[in-house]
Amino acid sequence: MFNRLFLDVYNQLHNAFRAVIPEPTKRIPITWRNYPNTLAFLIPLIFMAYLVRRPNTYLIRLFLLPTLIAMTLYACFGYMWTRPSFNVYNWAQGLVALTFVGKGLEYAFTPQGRWKIGESKLGQEETPAVALKDKPPPHSNGFANGSVEVDLPRAEKQFDSVLPKWFLDSVEVLLAMRGIGWDFGRGVHIPREPRPLEQAPYLKATLVSALRHFITLDFFESCLKLVPGVGSVSGGTIFLPTLPPLYRYTVSTAIHIATGTAFIAGFGMVYDIITLIAVGLFGHKLSSWPPVFDNPWVSESLHEYWAKRWHQLLRQTFLVYGGYPGLLIGGKFGLVIGTFLASGFYHECAAYAMGRPWEWRPIIFFLLQGCCIILERVWRQVTGRRVGGWAGTAWVYFCIMVLGQICVDSWHSRGLAGGMVIPPLVSPTRQIVFPIALYITGR
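Each residue of the sequence shown is one higher than the one before, counting from 1 in UniProt numbering.
See the structure below:
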């Protein structure tokens, strides 16, 4: 009797799960006609963001959450790009879905709503939050007890637009990934601004940075596509079995570094473009858009690498999924392990959108990162000294360059490098560099 009841419950849950996240073979191919369906989740998502900026909306947000989760997951996992070179966009859709589901969970389970620094009334402040990061913090209880006036030029106020202010406010909190200027962004590391803080030189430096990141991304993406197996749409291992062990792991390390560099350049390029739009068109304060990375290559501890020098765009997402639950269960150690475990599942669940088999290696890698950070804390407690110096940098390179290869191999085995990121027609490397190299070598 009990077994039958258990089986019935399991089947019902499985059917409900597959109604939202179908089997890869049952997903709907994306066309121009049905593409708007993949964006339908934006309606409850923006509504949820609107509610989190309004008082007395806690119960409404809780009731809205199931609809938001179901629509977001189905929009991103129920439809798929069927062209093999576009499979990387299925992964991107999975990342988007899990990021916004995390936002929905955060908004639904934050009774007091989300406050900008210095607000006296929820939703009152119209100045973009990123321009408020230098304001004195609100009361220690998490609520603002008074508005702190800042003399900002009109261009730094929320820009005039045909769009209603409630909509702009909702989009702003939705896209506040690092929480700069918001109540949940306290303690987030903000990299030093290397660009001049004058409008014209700042925009010029940002444009140069965007072009540099584009060229870097294009070069390493093009090179990865030349690696047998790895560069194909079906994917292949970075540990080339035809090579002797020494050469095999040298090549795998080079592929690993190229992949990481491409990730950094890609993030930087997109962020630079958004910065140009925000500052150049919308008049945001120059200091409101600090760099997204802080030179991760020079990290002297793994804690410094992940908490400061790597991008913090998904910091809140991982805290919501695993960090806060881990804190309740296991204190500070639970916070660390929960955050990295959430990161592992986040990346792997998103990769499932590519229609390839489930892998545990990315989850193991991120879990190991959490364990290694705990080891750094143990080292400090035992020796009284922080991990740092050249030995700390060597430790970071081991944790990222060596342990990280199992994660990158998992991604490339499923066709990550074979996807089209930079179209060949606009690729300087494939249109100029490679032809010149072939001409010089006589091939």
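Backbone N, C-alpha and C define an ideal beta-carbon position, used for all residues, glycine too.
Check: 9 angstroms Cβ cutoff met for I274 and V408; Outcome: no
Check: Residues near W32 in its chain [Cβ-Cβ closer than 7 angstroms; skip 5 each side]; Outcome: none
Check: For Y324 and G102, believed in contact at Cβ under 8 angstroms, the rounded distance; Outcome: About 11 angstroms separates the two Cβ atoms, so there is no contact after all.
Check: For I28, three-class secondary structure by DSSP; Outcome: strand
Check: DSSP-derived helix/strand/coil call for W310; Outcome: coil
Check: P24 beta carbon less than 9 angstroms from that of M80; Outcome: yes
Check: Close-in-space but distant-in-sequence residues of the same chain around G179 (CB under 7 angstroms, 5 per side omitted); Outcome: G185, V188, Q316
Check: Nearest-angstrom Cα separation, counted from M48 out to Q158; Outcome: Here the model assigns Q158 a pLDDT of 48, short of 50, so the residue's position is not dependable, and the following value carries that caveat. One C-alpha to the other measures close to 21 angstroms.
Check: Buried/exposed call for V402, threshold 16 Cβ in 10 Å; Outcome: exposed
Check: First through last residue of the alpha helix (DSSP H) which encompasses I180; Outcome: That residue, I180, is in no alpha helix (DSSP H); it is neither H nor E in DSSP.
Check: Local conformation of K225 per DSSP, three classes; Outcome: coil
Check: Through-space distance from F263 to M420, alpha-carbon basis; Outcome: 14 angstroms
Check: CA-to-CA distance, G231 to L224, given in whole angstroms; Outcome: 6 angstroms
Check: Continuous alpha helix (DSSP H) assignments of at least 4 residues falling wholly in the UniProt domain "Wax synthase" (289-367); Outcome: 315-318, 324-351
Check: Coil, strand or helix - M269 by DSSP; Outcome: helix
Check: Where K121 sits in the DSSP three-state scheme; Outcome: coil
Check: Minimum C-alpha distance to P428 - residue among P194, Q93, F220; Outcome: F220
Check: Whole beta strand (DSSP E) elements within the region 1-54, 3-residue minimum; Outcome: none
Check: Through-space distance from F398 to N295, alpha-carbon basis; Outcome: 17 angstroms
Check: Strand pairing of M80, partner residues [DSSP]; Outcome: P29
Check: Per-residue DSSP class, three states only, for K285; Outcome: coil
Check: Under 9 angstroms between C-beta atoms of R356 and G268; Outcome: no
Check: W166 beta carbon less than 9 angstroms from that of K116; Outcome: no
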